[in-house]
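A.B. asks:
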Amino acid sequence: MIIIYTPDGGEPEHYDARDLLVSEASIVQRTIDMKWGEIQKGLEAEDLDSMRGIVWVLKKRSQPDLRFKEFDPRVGEMVTRMSRREVTDYVEDAFAMVGADTELTRERVAEILAELPDSAAADPEHARELIARLAQAPKDQPDTAAPEGPGEADESSSPTPTSSGPATPTSPSSATSSTSRRKRSTA
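Be aware that the sequence shown starts at 68, since it is given in this note's numbering, and climbs by one per residue.
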């Protein structure tokens, strides 16, 4: 998530929550008395404490003496937006649903996503271009693919092949719950 802080009369400042170091995230947690998972959910809901804490700790990098009580922006000066990666994942997931329902076409998905660039994207132009590109039917490919059976997947099409089942241990020292014996209780 990107927090856009626009001080009164100033230029917008962008702060990416993923840039936090663990030590900085810990400081934010202690300062606003929230766990990291709550802070992340708070960013999605534009929680003021979550946004303020993250912007404050990131500003401290260039202003080490900045105290939390000294950084008190106005309510309307901070908003959250999706990063380019988050937008890409969201839009690709939406277009992956094409064909799952007879009424869910590329055009319909594009219509559904039409407000995303201006309402939720930190980089609206990137979001618009991505939606427009994915709204076009892929060239030289059918719009929907038949489900693949076991052993029919083309592993060369994926940069990181994955397995559909659990991996088999490759050495005796890599015991897993399915290969390790349960210890007997001595009680």
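All C-beta atoms in this analysis are idealised placements derived from N, C-alpha and C, irrespective of residue type, glycine included. A quick note: this is a predicted structure, and the numbers were derived from the prediction, not measured.
Would you identify the three-state DSSP class for V146, choosing helix, strand or coil?
C.D. replies: Reduced to three states, the DSSP call for V146 is strand.
A.B. asks: Going by beta-carbon coordinates alone, are L87 and V124 separated by less than 9 Å?
C.D. replies: yes
A.B. asks: Can you give the beta carbon distance from V154 to L201, rounded, assuming they're within the 8 Å contact cut?
C.D. replies: Incorrect: roughly 11 Å between the Cβ atoms, too far for contact.
A.B. asks: Where do the ends of the alpha helix (DSSP H) carrying E105 lie?
C.D. replies: W103 to E111
A.B. asks: Out of curiosity, what's the CA-to-CA distance linking S93 and S186?
C.D. replies: 30 Å
A.B. asks: Ordered along the chain, which non-local residues of its own chain (more than five positions away) have a Cβ less than 6 Å from that of T73?
C.D. replies: In chain order, P79 and E144 place their CB closer than 6 Å to the CB of T73, counting only its own chain and leaving out the 5 sequence neighbours on each side.
A.B. asks: Starting from E80, trace the beta strand (DSSP E) both ways and give me its first and last residue.
C.D. replies: E80 to D83
A.B. asks: Smallest Cα separation from H81: which of E196, M149 and I179?
C.D. replies: M149
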